[in-house]
Amino acid sequence: MKVYDKQFIGGEWREGRGTAIMENRNPYTGEVIYKYRAASCEDVDDAYKAAVAAQRVWAQTPMLEKQGLIFNLLNVIRSKSEDIYACLREEGGSAKGKCDMEFFVIQEIVNIAANFPLMMEGKTLPSCMPGKENFTFRMPKGVIGVIAPWNVPIVLAWRSVLPAVATGNGVVLKPASDTPGSGMLIGEIFEEAGFPKGLVNVVAGKGSEIGDHFVLHPTPALISFTGSTDIGKQVGSKAGSMIKDVSLELGGNNVMIVLKDADIEKAAEKAAFGAHFHQSQICMRLNRIIIVKERYEEFCKAYVEAVKRLPVGDPSDPNVFIGPIINQSQVKNIEGLLEGSIKAGAKVILQGKTEGNVIHPWVLRDVTNDMPSAANEVFGPISSLIKAEDEEDALAIANDTEFGLSGSVFTEDVYHGMEVARRIESGMTHVNDQSINDENHVMFGGEKMSGIGRFNFKWVLEKFTTEKWVSVTK
59 MKVYDKQFIG
69 GEWREGRGTA
79 IMENRNPYTG
89 EVIYKYRAAS
99 CEDVDDAYKA
109 AVAAQRVWAQ
119 TPMLEKQGLI
129 FNLLNVIRSK
139 SEDIYACLRE
149 EGGSAKGKCD
159 MEFFVIQEIV
169 NIAANFPLMM
179 EGKTLPSCMP
189 GKENFTFRMP
199 KGVIGVIAPW
209 NVPIVLAWRS
219 VLPAVATGNG
229 VVLKPASDTP
239 GSGMLIGEIF
249 EEAGFPKGLV
259 NVVAGKGSEI
269 GDHFVLHPTP
279 ALISFTGSTD
289 IGKQVGSKAG
299 SMIKDVSLEL
309 GGNNVMIVLK
319 DADIEKAAEK
329 AAFGAHFHQS
339 QICMRLNRII
349 IVKERYEEFC
359 KAYVEAVKRL
369 PVGDPSDPNV
379 FIGPIINQSQ
389 VKNIEGLLEG
399 SIKAGAKVIL
409 QGKTEGNVIH
419 PWVLRDVTND
429 MPSAANEVFG
439 PISSLIKAED
449 EEDALAIAND
459 TEFGLSGSVF
469 TEDVYHGMEV
479 ARRIESGMTH
489 VNDQSINDEN
499 HVMFGGEKMS
509 GIGRFNFKWV
519 LEKFTTEKWV
529 SVTK
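Quick look at the structure:
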């Protein structure tokens, strides 16, 4: 992949001023791709300052000019397909299917966001005072700080960065330390598309050095964070102390409920995908599969066979579906949750193994909600199969979690499936499909500890803007 060893601030590529020399490593080979000096708090200050200056001009730019620049992004994205795939594969361990998904989705987000400059509408309202008229205007918030995760590093940054820009805001992006190149690649795309210097800035550095300053800085009006619930709580608390708005997309402990009239083969195939896409490092991945007792044995057998068919190994092999976990720290955490569940009584019906950062899938049956693999979000290929007495018991088990991001229900009675889906306490639930779904014209977001706010289309437009009242007295 291309080397991105500079920060992108004010339209210029410059060396960071932080104390640390950071390494960008390939999670499959363990090799260092490149090193770079981390950003400092002073770099963050400069980035926010540049965003403020650029945003003031950008907010006044004619909407068709904005739209034209947004459409320019498509040509740049397509011209950089090799760089995008290499970045996702080499620093993120993404297999071909995952790379395909990110490459497709960022283009779809462009097509949706190109409409945003034309959607900044207001209203004319009557007044109870004679000779007075009221107007509301939709306005950009100003500057938005975006903190991106490592698991889907381009899409989950892009879905905030581009809508923020398209609604008239400036942006400072902080990519994850494990995938800094993805953030710099986004900066490069905006640069080559011809956007004003300083409108989009990217600072990569240690969270311990710049994380708090990034959130507490007086400039950003909103912090958009995607990541773990624990860190999201800290971001929300710190932003709240500054009366900043937040958009938080956090962890999940997602379920599939398999009812007694379900198509078991179809449910097993979908579940295998939903539990293992990108080696299970997806916030929407199926963490728990709850099956009513009448179909439990049948599902366990079908599911194991479906999982066995998933190729594991080198993400550069186009046939591989499950590649490496992002780093050894994550591997150890996954192994700890696995061991804890087995000690608690879960039975292994498909035994995996660990090779470097690659974990071959494990399937556990007779799991209960209090076991570590079911009680926690597992960012690795461990499946927890839970037996339910009936539909009501399945719903109780499904909702017995602090999370509420995504989920699914399998049944041949589609209308009943919709009723069950509405009773699952999650922001998104899919009938006769797995939990990893995202369409850019439909809202995306969770309930409970899975986040605050909604992404996509009009929902993100409303989140990244504010309304202003102007009255006129004649």
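Taking our numbering, I'd label the letters of the sequence shown as residues 59 to 532. Ideal placement from N, C-alpha and C gives every residue a C-beta, glycine not left out. Note that the structure is a prediction, hence the values are computed from the model and not measured.
Query	Result
My assumption, with CB atoms under 8 Å, is that Ala111 sits in contact with Asn259. Please give the rounded CB distance.	That belief does not hold up - the Cβ atoms of Ala111 and Asn259 are roughly 11 Å apart, past 8 Å.
From the DSSP output, in three-state form, read off Trp208 for me.	coil
Name the one or two DSSP bridge partners that Tyr94 has.	Met80
Sorted by chain position, which residues of the same chain lie with C-beta nearer than 8 Å to Cys157's C-beta, five sequence neighbours on each side aside?	Ile142, Tyr143, Leu146, Arg147
Is the beta carbon of Val134 sitting closer than 8 Å to the one on Ala234?	no
Could you name the residues of the same chain whose beta carbon sits closer than 7 Å to that of Tyr354, not counting the 5 residues immediately before and after it, in chain order?	Lys445
Roughly how many whole angstroms lie between the Cα atoms of Val313 and Gly256?	42 Å
Give the C-beta separation of Arg75 and Glu100 to the nearest angstrom, bearing in mind that I take them to be a contact with Cβ-Cβ under 8 Å.	6 Å
For Val230, I'd like the list of residues in its chain whose CB is within less than 6 Å of its CB, leaving aside the five on either flank, ordered along the chain.	Ala105, Tyr106, Ala109, Gly203, Asn259
Quick check on the burial criterion: 16 or more other C-beta atoms within 10 angstroms. Buried or exposed for Leu306?	buried
When you compare each of Glu477, Val304, Phe461 to Val467 by their alpha carbons, which one comes out closest?	Glu477
Assign Gln386 to buried or exposed, taking buried as 16 or more other Cβ atoms, counted over all protein chains shown, within 10 Å of its Cβ.	exposed
I'd like to know whether the C-beta atoms of Pro221 and Ala171 end up nearer to each other than 8 Å.	yes
Gly155 and Pro85: beta carbons closer than 8 Å?	no
What runs of the alpha helix (DSSP H), each 4 residues or longer, lie entirely inside the stretch 404 to 464?	430 to 433, 449 to 457
Any idea which residues DSSP pairs Lys506 with across the strands?	Phe461
Classify Phe193 as buried or exposed, calling it buried when 16 or more other Cβ atoms lie within 10 Å of its own Cβ.	exposed
Quick check on Gly74: does DSSP put it in helix, strand or coil?	coil
Start and end of the beta strand (DSSP E) containing Met159?	No beta strand (DSSP E) holds Met159; the alpha helix (DSSP H) holding it covers 154 to 171.
Tell me where the alpha helix (DSSP H) around Gln125 begins and ends.	121 to 137
Looking at the unbroken beta strand (DSSP E) that takes in Pro254, where does it start and where does it end?	Looking at the DSSP string, Pro254 is not in any beta strand (DSSP E), and its letter there is neither H nor E.
Is Gln65 helix, strand or coil by DSSP?	strand
If you measure between the beta carbons of Thr524 and Lys124, is that distance less than 8 Å?	no
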